[in-house]
Each structure stands twice: as C-alpha cells, then as structure tokens.
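Position 682 (the sequence shown) corresponds to 1062 in the working numbering; numbering is contiguous.
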Amino acid sequence: MNNCLSQMEQFPVKVHDFPSGNGTGSRGSQALKFFNTHQLKCQLQRHPDSTNVKQWKGGPVKIDPLALVQAIERYLVVRGYGRIREEDEDSDDDGSDDEIDESLAAQFLNSGSVRHRLQFYIGDHLLPYNMTVYQAVRQFSVQADDERESTDDESNPLGRAGIWTKTHTIWYKPVREEEEGTKDTVGGKRGRAQTAPTKTSPRNARKHDELWHDGVCPPVGNPLETYLLSGPPDGITFEDPSLDVILLLRVLHAISRYWYYLYNNAVCKEIIPTNELINSKLTAKANRQLQDPLVIMTGNIPIWLTELGRTCPFFFPFDTRQMLFYVTAFDRDRAMQRLLDTNPEINQSDSQDSRVAPRLDRKKRTVNREELLKQAESVMQDLGSSRAMLEIQYENEVGTGLGPTLEFYALVSQELQRADLGLWRGDEVTLSHPKGSQEGTRYIHNPRGLFPVPFGRNTKPAHVAKVKMKLRFLGKFLAKAIMDFRLLDLPLSLSFYKWMLRQEISLCSHDLFNIDPVVAKSICHLEDIIKQKKKLEQDRSQSKECLQQALESLNMNGCSVEDLGLDFTLPGYASVELKKGGKDTVVTIHNLEEYLRLVVYWTLNEGVSKQFESFRDGFESVFPLHHLQYFYPEELDQLLCGSKSEAWDVKTLMECCRPDHGYNHDSRAVKFLFEILSSFDGEQQRLFLQFVTGSPRLPVGGFRSLNPPLTIVRKTFESTENPDDFLPSVMTCVNYLKLPDYSSIDIMREKLLIAAREGQQSFHLS
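Shown next, in the form of structure tokens:
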C-alpha cells in the first residue's frame, strides 16, 4: 500500500534554486541578500466597514518583506491606531503619527501574550498574524491575470518585478469583542485548556456527583473510534489522487496501534511497528521542502505537509516531524535557527553580511545557585512567555552562554524531583554525588517515569494550591525548553505524555504499568478473578447455592477477596477515598469490579486532573499544546530530553568528535579518550556530558547531532610542568574539551572522572 501511495501521490514541492553568483554562496544566503535589499511598498488603509479607529495619513510605508503581519499591528497599535474611538470623538488628528506609547511598545516586545487589537485584509482575505507580509502580498494581492498565470515559484522564486514596484493596499480594522475569545493571542495563550472547562463544567459537576455518591466512572474512550470514519477527518482538506490510500493506511495503522482496546486484558503491543509505515518518497519531499531556506523564511509550507504531519505522522520519521514542528509552531527566526543547527552548510557563505542570520532576541538573567527553583520560577514568570531566547548566568561566576543555560535546565529538572515538594509518586532516594546544598536532599525516583501524586476530595486547599502552582511552573518550563531547543533531565511517565496530548480519556488499566507496576500487577490478578466470576455467572446449569459457593471460593494466590483486607481507598494513599464513605466500605467479590474501575480512574484521571489543568495552563501561556500533535506520546521524551542512552563506540566517536589545536585522530591522547568514553557506564556518561556541554543528555541522534560538535584540543604547559599533575578543563559554550597529553590511559581516566565530578555546577575561566 505504501508503494501504491508512492505511485499515485502528486503532492507539489516548491524548492527555490538561486544562481550562486561566484559559486560560493548558498541559496539561503542568496535569498537573504535579496530580501535584505528589497522592501515592499504598502498603503495602510482603514477598512471601509470601520470608522471607529484613526485613519492612517502617513502615506505608503516600506515594509521588510519577511516581517510578520503582526509587526504591522504592533507598528500601528503603539502609535494609537488600535484604540476604538467613542461616538462623540470626531477627529482623525488625535495625536501625532510618530507619537509612540512606550508602555504598549514594551508589552509587545516582552510578552508573548498581548491580545490582538487590529486585524488585516488584502481584498477580502483576512491575513493570519504569523504570515509574512511577502507571503500575504504574494498570495492575495491583486495581480494582472497574465502576470498571475506566468508567475511560478520555481522560475521566479522572489516574484515578478511587479510585486516590488506596485503599492499594495492593506486594510486594517479593530478586532470585534466576540472574536477575541476565539483567536489565539500572539504567543498562543488562549488554547483549548482555557475554553474547555467553561463548556464542560455542568456535565463535570454531574459526573463528579455520580462518581462520589454512586461510584460511577465515565467509560474509557476507545481511540480507534476517531479513526474508523467513512470520509477524511476534519484535519485533512487537501485533494490528491492518493487520498483513499492515505485514509486506508491511516485506519490500518490505528488498528495496529490500538487493537487491544477491542479485547479485555489483551497484551498492549503494536502489531506493526510505527516506523515500518514510513513512506520514503513523502519523507524525501518533506525534507526537501523543509530544508529550503526561502520556504522557512516566508513560512510558505504547503498545506498537504502540515495536514499529513498532524493526521498521519507515521508517514515521516521523527526528525522530519521535529523540523516541521519547529517551522509551524514558532516564529520564522526560530525555524531558521533550527534549520541552521541541523544543516550548518547553509550558513557557509562567501561573506559575513550575506549569511542567513536569524534575528533572535536574547534575554539574559543572572540567578543564584542556592535558591535555584525559586529563582527559576521568577525567571519563567517574567520571561517564559517572551519570544526572546533565555540565557542564564550564575552569580559570582564568569561563564555565560550555552553551557550555563543548558545546565540551568538540567539543574531545575533535578530540583523539580525533590521529595519535599510532594509532586510525584515513587521512592525517595539521595544522590550518589551530592554537591553543596544538595547534601542530604531526597529526590523521587520512579523507574517508569514521574506521574503526579493523586489528590483526594478532602485534600487541604492550601496543599492543592501549592502543588498546582508548581505544576503550572513545570508546564511553562517545559514549553520554554522546547521553544528554545534546550534539553531537560526530567524522566516523565508515558501516561504523563498522554495527558500532554489530551489522550487522558483513553487511559485504562494497561497504563497503570507506566506508573506503578506493583499495583498494576495486583489489579491484573484481580481482573482475572472478575473474568472467572463472569464465566461462572453465565453458566446456567448451576444452582443459586452452587454459584454462591463457587464465587466465594475464587481467590488470589489462595486468599479470598474479603481476606485481602481491601477497602474503597486508593492503594498506597489511604486518605484518598474512591467514593463517599470509602474507608468504611469493604471490598468483596460482589463489588470488586466497581472497586477496580474506581482505582484505575482515580489513579489516572480523577486524582490528577487538577494538577494537569494547571500544567496545561502554564504550558499554553508559552505556545498551544495542539502543536505537539506531530508526535506520539512515546516520542515526547525525545523531544524534551533528547537521546536515550546509546552505545558510545570508538567508531562513532571518531566520526562525530573533532580533534583540533594540537591533536588529530592519530594522536595518542585522542585514542585514549575514545577508548575511555566507550567504556563509560550510564552514570559516567551523564557526568562527562554535564561537564563538557552543561547538559547530562545528548540531543536526538547522539554525538552526531551535538552542535557545535565535541572538539578535543591540547592543553599546553610550561616545559617544567608535568601534564599528569593537571585536570582537563572545558568551554561548554562551544563544547570544547581541553585535554592534557597524559602519559597513560589510566591516568587520563582518573583525571577525567575527577574533573567531571568536581567540575559540576560552576563556570569559571579555565
């Protein structure tokens, strides 16, 4: 079927090839050079439908073609054009056109969540705020019919001369009150999380009542139902000869992935691994499209690619979808930065001024290591929603840039796992190598990943508020890390990721294994008893007395249900009652099924819903969660935390690491180093990575994806000094390891491990 799709599909790919002049500039730099020297002439006009805002009288304005439509809004609003006039105000001359409201300007610059005041049109077409002005003019500005026919993106990637010589009219009018609630704000703050509770609160109130008084749980949603459709889903609007094949593959993939929802106690496993459904032709087309700088700069991603990415992610490998995510979820400069990080050759241009240089704002904050979590909360409160890239420096330390920033995300990840916060289920442990203030601090460890501790109906409001505040911070922290391409060191449960993707309605007893395997195993045994009970009840040949006797003889490991001593409270959390009077309700063979349903529902949904509402609220203050639909729950760990632990073999290290300044691949010290690294266990790998890069994890793709690559340079000494007496040092901002030429491999191993352990949590000159 995938071959059939490859034969039939006719998805267009527009790739812009630029003549390179002297042969050294890349097409990205050629495009940027062109855009840096051309501007679009636009006439801003008050919309004929709207008389309650000022009329622009400044004549035609020249606009950077790569500016977003929302930049025009910012330009007008800070000059007073977003203010709706009262009926009795009749002057258009209220205030100079050049008079800028500084407080409004600051809001627009610093915040990702300013509500929109104006909307813009070319002709009858409403312009999306995140569209580039060039793209808007290109797509909607009226061109002569003959010009429209002869213009095509391949031969004229930058448009015909007319687009640069004409004056294009852009109409503006105020956003109507009722529309404000439905539109995403600049940073996407208004998402489903804020609108959903108001719609569903009456139903929730009734549900909660049934749950508490009658022990009635909502049914588990079967994810297959959303795939078994007679036509295309809402997310597919494109037309293509291959559409029927695509829809059939989508259904087959869903059955392969979710078949076990059709059976009780089935093994929770895919029939066909998702990566076997990748379509190489579509992937090649997608990659070609996503590696074209002009497509990224103009935001001109074809509809078929974004729609297939969201509705049929299985067609594309993870790294393709990751690039698609960065191109569609954030601003153009971030997308460009991501493209340059993954394809450095685009930036290898002939001269400095023609480089493809994203103009990303950077905001630096200095934090104190002693109060890191508190300081992190303050930083996220101020800058979490900002579109600027966050950079961290530590008090009384000279280090700045990438290394300290990566370490900040790793250390805050660790702080969030502190046992005294009361956030997570799991066992309390102490660190094997505590430093300074970490001495004696206990952390929560769960081999299946972290999941929130449940709240009962009688949990103290003050405690609920405190935990919700931390979860809201966690949401903002995670979203900011994703937005800024930073890695976290936070092992979250698969069930946590399902909540992030709004799949909580389909969580069932299978998912308990991702939270508490011991409880899950017990639930599994008890579910077997329910199966036997139903079998006995369906046997019509037995008398009532015999049936009663048979039911009472059902047991778990020789113990009857009554003798297990269970009541209607959550296992491990005696204060969390599963329904009103649960502490005083004994579990028997007759109410066992109700008990099991309640345990599963309270563990996975009811007991944690408040925590996840706060988490989503924090996350969506940075960008909308729906952008994560390109990924499956099991892939979010890669997006957030980077590469899973993988083998560090000598061959890979030789291919990915770069000896320089005194060393080459044949140097004895470099060979020693690769041999040592290839023998490291998981904990030693984490220590080494934290020491050299600032983060204990590698990005997806391992050392191959580390940017800049790990560079090993020779540490030099006076002739009278012995290299064996010195430790290696690092420059984390460029992933430099300064390595003395030690006399033996054993001395190098010892010095590396000492430096890695002692060199944590400080950035000074080396």
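Glycine included, C-beta positions come from ideal geometry on N, C-alpha and C.
Note that this is a predicted model, so its numbers are computed, not measured.
With residue i as the anchor, note down where its alpha helix (DSSP H) starts and where it stops.
i, result
"I1212", "With the chain covering only 381 through 1146, there is no way to say anything about residue 1212."
"V988", "Where V988 is concerned, there is no enclosing alpha helix (DSSP H), given that its DSSP letter is neither H nor E."
"L446", "Neither: L446 is in no alpha helix (DSSP H) and is coded neither H nor E."
"H633", "L623 to Y638"
"H825", "Note, H825: premise wrong, no alpha helix (DSSP H); beta strand (DSSP E) at R822 to H825."
"H843", "P841 to M863"
"R718", "R712 to T722"
"W1028", "Per DSSP, W1028 belongs to no alpha helix (DSSP H) and is neither H nor E."
"Q1018", "L1016 to C1021"
"L881", "Premise fails: L881 is in no alpha helix (DSSP H) and is neither H nor E."
"V1110", "No alpha helix (DSSP H) contains V1110, which is instead part of the beta strand (DSSP E) from S1109 to M1111."
Could you tell me the distance, in whole angstroms, from the CA atom of residue i to the CA atom of residue j?
i, j, result
"I652", "C904", "25 angstroms"
"S955", "G987", "12 angstroms"
"D477", "L1008", "Residue confidence is low: D477 scores 48 on pLDDT, short of 50, so the model does not pin down where it sits. Its coordinate-derived value is still stated next. The alpha-carbon atoms of D477 and L1008 are separated by roughly 41 angstroms."
"A1027", "F1083", "11 angstroms"
"V1200", "Y823", "The structure shown does not extend to residue 1200, since the chain is modelled only from 381 through 1146, so no value can be given for it."
"L927", "I969", "12 angstroms"
"T708", "A715", "8 angstroms"
"F1106", "L1133", "13 angstroms"
"S875", "C888", "10 angstroms"
"K1031", "E1055", "10 angstroms"
"V1114", "D1126", "27 angstroms"
"N602", "C648", "14 angstroms"
"T417", "E389", "38 angstroms"
"E957", "Q922", "37 angstroms"
"N382", "K665", "15 angstroms"
"S766", "A859", "11 angstroms"
"N1087", "M703", "16 angstroms"
"F415", "L674", "10 angstroms"
"N935", "L811", "42 angstroms"
"E1138", "P871", "25 angstroms"
"G689", "F695", "8 angstroms"
"T654", "F705", "19 angstroms"
"T942", "L931", "According to the sequence shown, residue 942 is Glu rather than Thr. C-alpha separation (whole angstroms): 12 angstroms."
"C384", "K661", "11 angstroms"
Name the two residues that bound the continuous beta strand (DSSP E) containing residue i.
i, result
"L424", "L420 to R426"
"K915", "It is not in any beta strand (DSSP E) - K915 instead sits in the alpha helix (DSSP H) that spans P897 to Q918."
"R1038", "R1038 to D1040"
Look up residue i in the DSSP assignment and say whether it is helix, strand or coil.
i, result
"K569", "For K569, the pLDDT reaches just 39, beneath the cut-off of 50, and the residue's location in the model is therefore unreliable, although a value from the coordinates is still provided. Coil, per DSSP."
"Y774", "strand"
"R1066", "helix"
"Y514", "helix"
"M381", "coil"
"R745", "strand"
"D807", "strand"
"E957", "strand"
"L950", "strand"
"T1100", "coil"
"I1092", "strand"
"W551", "strand"
"I681", "coil"
"S940", "strand"
"Y501", "strand"
"D472", "Only weak support is given to the placement of D472: the predicted model assigns it a pLDDT of 49, under 50, and the question is left unresolved by the model."
"S660", "helix"
"K1118", "strand"
"P603", "helix"
"N935", "strand"
"R977", "helix"
So, residue i versus residue j, is the Cβ gap smaller than 8 angstroms?
i, j, result
"N432", "I452", "no"
"L868", "A861", "yes"
"F983", "R1038", "Per the sequence presented here, residue 983 reads as Thr, with Phe not at that position. Taking 8 angstroms as the Cβ cut-off, T983 and R1038 do not qualify as a contacting pair."
"A768", "D741", "yes"
"L946", "S1023", "no"
"E884", "G1074", "no"
"Y552", "F520", "no"
"L796", "T785", "no"
Throw me the rounded Cβ distance for the residue i and residue j pair, which I believe falls under 8 angstroms.
i, j, result
"L657", "L629", "7 angstroms"
"F865", "D721", "7 angstroms"
"Y509", "Q450", "4 angstroms"
"D891", "R805", "Going by Cβ atoms, the distance from D891 to R805 rounds to 13 angstroms, so no, they are not a contact pair."
"F992", "W879", "5 angstroms"
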